[in-house]
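Residue numbers (the numbering used here), protein chains in the order written: chain A, 1 to 122; chain B, 1001 to 1512.
All C-beta atoms in this analysis are idealised placements derived from N, C-alpha and C, irrespective of residue type, glycine included.
See below for the structure under consideration.
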Amino acid sequence: MLYALCFLLFVIGLYCAVVKKNLVKIVIGLAVMEYAVNLFLIMLGYRAGGTAPIIGRGDFESGTEKIVGAFLNSSVDPLPQALVLTSIVISLGSLALLISLCVRIYGKYGTFDITEIRRLRG
Amino acid sequence: MSRMLPAFVIVPLVAAFVLPIFGTKGKSLATFLANLVTIFLLVLAVLSVGQSCVYEVGSWSLRVGIVLVLDGLSSLLLLAISVVSAAAMLFSVRYMERYTAKTKYLSLFMLMVAGMNGVAISGDIFNLFVFLEIASLASYALVGFGCEHEELEASFKYMVLGSVASTFILFGIALVYGNTASLNMAYVSKAIQSNGINPGLAFALALLIVGFGLKAALVPFHAWLPDAHSSAPAPISAMLSGILIKTIGIYALTRVLFNVFGVSLAVGWLLVVMGLLSMVAGAFLAIGQWDFKRLLAYSSISQIGYVVLGLGLGATLIAMGANPAWASLAILGGLFHLVNHAVYKSLLFLTSGSVEMATGTRQLKEMGGLAGKMPVTRAVCTIASASIAGVPPFAGFWSKLILVIAAIQAGFYWVAVILVSVSVCTLIMYLKVQRYVFLGELPDNLRKVRESKGSMLIAMVVLAGLCMVMGLLLLVPSLKTSVLDPAVNVLLEGLKYSDRVIQMCSSQGKLL
Chain A
1 MLYALCFLLF VIGLYCAVVK KNLVKIVIGL AVMEYAVNLF LIMLGYRAGG TAPIIGRGDF
61 ESGTEKIVGA FLNSSVDPLP QALVLTSIVI SLGSLALLIS LCVRIYGKYG TFDITEIRRL
121 RG
Chain B
1001 MSRMLPAFVI VPLVAAFVLP IFGTKGKSLA TFLANLVTIF LLVLAVLSVG QSCVYEVGSW
1061 SLRVGIVLVL DGLSSLLLLA ISVVSAAAML FSVRYMERYT AKTKYLSLFM LMVAGMNGVA
1121 ISGDIFNLFV FLEIASLASY ALVGFGCEHE ELEASFKYMV LGSVASTFIL FGIALVYGNT
1181 ASLNMAYVSK AIQSNGINPG LAFALALLIV GFGLKAALVP FHAWLPDAHS SAPAPISAML
1241 SGILIKTIGI YALTRVLFNV FGVSLAVGWL LVVMGLLSMV AGAFLAIGQW DFKRLLAYSS
1301 ISQIGYVVLG LGLGATLIAM GANPAWASLA ILGGLFHLVN HAVYKSLLFL TSGSVEMATG
1361 TRQLKEMGGL AGKMPVTRAV CTIASASIAG VPPFAGFWSK LILVIAAIQA GFYWVAVILV
1421 SVSVCTLIMY LKVQRYVFLG ELPDNLRKVR ESKGSMLIAM VVLAGLCMVM GLLLLVPSLK
1481 TSVLDPAVNV LLEGLKYSDR VIQMCSSQGK LL
């Protein structure tokens, strides 16, 4: 169910990026798509009632095997979180570039409407 | 070699951050340093030929860490990347003088090279995505580098489609991780072999094909390419058409299809169909163009079609269980065409830049009679045109010949017919270029045109020389066995890739 909602968010973003005529709305659509994917990655590693995937110094007193077992049973998957951090940084960079392109285009053409920004054809 | 592997990424990455420090005053020094870096990478790539090794980043083991993998296919690609980037950088020395902020250009160029090298040697599917984004972001910025109306528009279009593609790829990677619990290509491949492809993985594969297909500008996804490639500065067009779409599109796609998911009949046919569509549509669209660089850009779509067709035929033949020699010939044709196209298409874009710089226009109808004014540019352009059209002694002939032989041998006669007829279309479109740019009457306003000088000429002549001798890669047995055959074998071995990487990793571990 949650996955379906997440996919719906992705499709909404895609629709917005493909159909809308306003540059800024296209950028918002792209951002929504990226958030949907980030959300999906986080849900992959989520576990209801899970603990943070951190082993403190005190935990080692009870023996390695026990810790590993407890870790596997209770903690959330840390890897997707690392991936999401990376992907957020990347999307930050790409959004900044997109927005600055929008600003420059507005300066040149005086409009955000893509139907009026079409010097390239053929 | 294993210890040198990170240098492919680190050296250009460090250069990208150091070069802008020089600012406008030290720009000649910065340009010199940038050229040193590209030449160093070229040497490194030549040294890497025929080697295969694994580098574990931060000494984390293969299971948990990130690995860099060098094998035949990667080193073929690294070679192509470094040849094109060295030539484009040499060309930029003079060409980029008319733009402001040259050091920023150099920095973005280096970032793009770092990203592409990273894609070529990454053994980890998420890491591949990160490098792919580095290369793409640098290329978006470089397309819009001139900040004029057309450039900004092209850059925005390119960036929107590129971001959609990246998001698709990331979604695909997330699904792969969810279904196989690994991101390392070798272990993902292992998991797929033991559990089979479930619906989630099939969806991931579809997303990855669409994403990489968008990046490679295969035909249903090609809309952005003509705008982006014709609006960028000439050396960047050379990089984009020559190598970027191949690295982050074709290479990433084939690596994932052949070595991680394994080929199937459906995917093989999909590649064949997309390849044929790109070839035919690209060629027909190119013939009607009157903008020099736009014509070249459409012809890139057509040529990418050849590469994908060769790889797709190989995949289909492997999946059908046909004679492995047939599949190997088709893949050889595709990969050889990839390298050839990198050389001659970047040369064509450089000549278009040289002509544009001299005449100030890209419209074929406004030029003419430049043969007498620009003899060297004319000569190298003729060589490149002959190569791309498949005239016998030059580069393109050999790869097209192999593709045609492979198609006939496997019994796909109609594919061979299409291959040859598209080749004729290519010849027509480059005769048109020759006719309108270099022959005919010299318009009055172009009387004072001068030949371009210095580094621009050197870059073009070197690439033209390569065009003439590329056939040797195929004809000289020792070169063929050291450069082309290992790359073909990587794709032929398919899913055995995972065993090889794991074994290579463990054997290196024992040595240390």
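For Leu1244 of chain B, not one C-beta of chain A is nearer than 7 Å to its own C-beta.
The three-state secondary structure of Cys1053 of chain B, taken from DSSP, is strand.
Closest in alpha carbon position to Ala1283 of chain B, among B:Leu1332, B:Ser1352, B:Phe1171, B:Ile1304, is B:Ile1304. DSSP, read as helix, strand or coil, puts Leu1218 of chain B in coil. Listed along the chain, the chain A residues whose CB falls inside 8 Å of the CB of His1149 of chain B are Lys108, Tyr109, Arg119.
Contact check between the stretch 1223-1241 of chain B and the stretch 1250-1265 of chain B: fewer than three CB pairs, one atom from each, fall below 8 Å, which does not count as touching. The Cβ of Arg104 of chain A sits closer than 7 Å to at least one Cβ of chain B. Interface criterion not met: the Cβ of Met1 of chain A is under 7 Å from no Cβ in chain B.
Beta-bridge annotation (DSSP): Gln1363 of chain B is paired with B:Asp1291. Spanning the alpha carbons of Val1355 of chain B and Thr1038 of chain B requires a straight line of approximately 25 Å.
The shortest C-alpha to C-alpha distance from Leu95 of chain A to any of A:Leu23, A:Ala4, A:Ile12, A:Tyr3 is the one to A:Leu23.
By the Cβ criterion, the stretch 1112-1132 of chain B is in contact with the stretch 1065-1076 of chain B, since at least three pairs of Cβ atoms, one from each stretch, lie closer than 8 Å. Nearest CB-CB separation between Met1159 of chain B and chain A: below the 7 Å threshold. Along the stretch 1134-1168 of chain B, the alpha helix (DSSP H) does not occur as any fully enclosed run of 4 or more residues. Here Leu1161 of chain B has Leu1214, Phe1221, Ala1223, Trp1224 as same chain residues with Cβ atoms under 8 Å from its own Cβ, once five neighbours each way along the sequence are excluded. Within 9 Å of the CB of Ile28 of chain A, no CB atom of chain B is found; the nearest one sits about 12 Å away.
The three-state reading of DSSP puts Ser1182 of chain B in coil, since its state is none of H, G, I, E or B.
Using a Cβ-Cβ cut-off of 9 Å, Leu92 of chain A is close to nothing in chain B; its nearest Cβ partner there is about 11 Å away. Cβ atoms of Gly1440 of chain B and Gly1368 of chain B come within 8 Å of each other, at about 4 Å. Leu1137 of chain B belongs to the set of residues whose beta carbon lies under 7 Å from a beta carbon in chain A.
In the three-state DSSP reduction, Thr115 of chain A falls in the coil class, being neither helix nor strand. Taking CB atoms only, Gly1178 of chain B has a neighbour in chain A less than 7 Å away.
Between Val1143 of chain B and Ala1135 of chain B, the C-beta spacing is not below 7 Å. Annotation for Val1069 of chain B: no alpha helix (DSSP H) segment contains it, though the beta strand (DSSP E) segment containing it runs 1067-1070. Partner residues in the beta bridge of Asp1124 of chain B, as assigned by DSSP, are B:Asn1184.
One finds Leu101, Arg104, Ile105, Lys108 in chain A with Cβ atoms closer than 8 Å to the Cβ of Leu1152 of chain B, taken in chain order.
The Cβ neighbour count for Phe1017 of chain B, taken over all protein chains shown within 10 Å, is under 16; the residue is labelled exposed. Contact residues of the stretch 30-45 of chain A toward chain B are Leu30, Met33, Glu34, Val37, Phe40, Leu41, Leu44 (C-beta to C-beta distance below 7 Å). Excluding sequence positions up to five before and after Met1004 of chain B, its CB lies within less than 7 Å of the CB of Leu1044, all in the same chain and listed in chain order.
By the Cβ-count criterion, Ser1507 of chain B is exposed, with fewer than 16 other Cβ atoms from all chains shown falling within 10 Å of its own Cβ. Secondary structure of Thr51 of chain A (DSSP, three-state): strand. Straight through space, the alpha carbons of Leu1183 of chain B and Ile42 of chain A are spaced by roughly 15 Å. When DSSP reads this structure, Ser1455 of chain B sits in no beta bridge, so it has no partner. Less than 7 Å divides the Cβ of Ile1245 of chain B from the Cβ of Ala1217 of chain B. A straight line joining the alpha-carbon of Lys1365 of chain B with that of Gly1334 of chain B spans about 35 Å. Around the Cβ of Pro80 of chain A, a 10 Å sphere holds 16 or more other Cβ atoms; the residue is buried.
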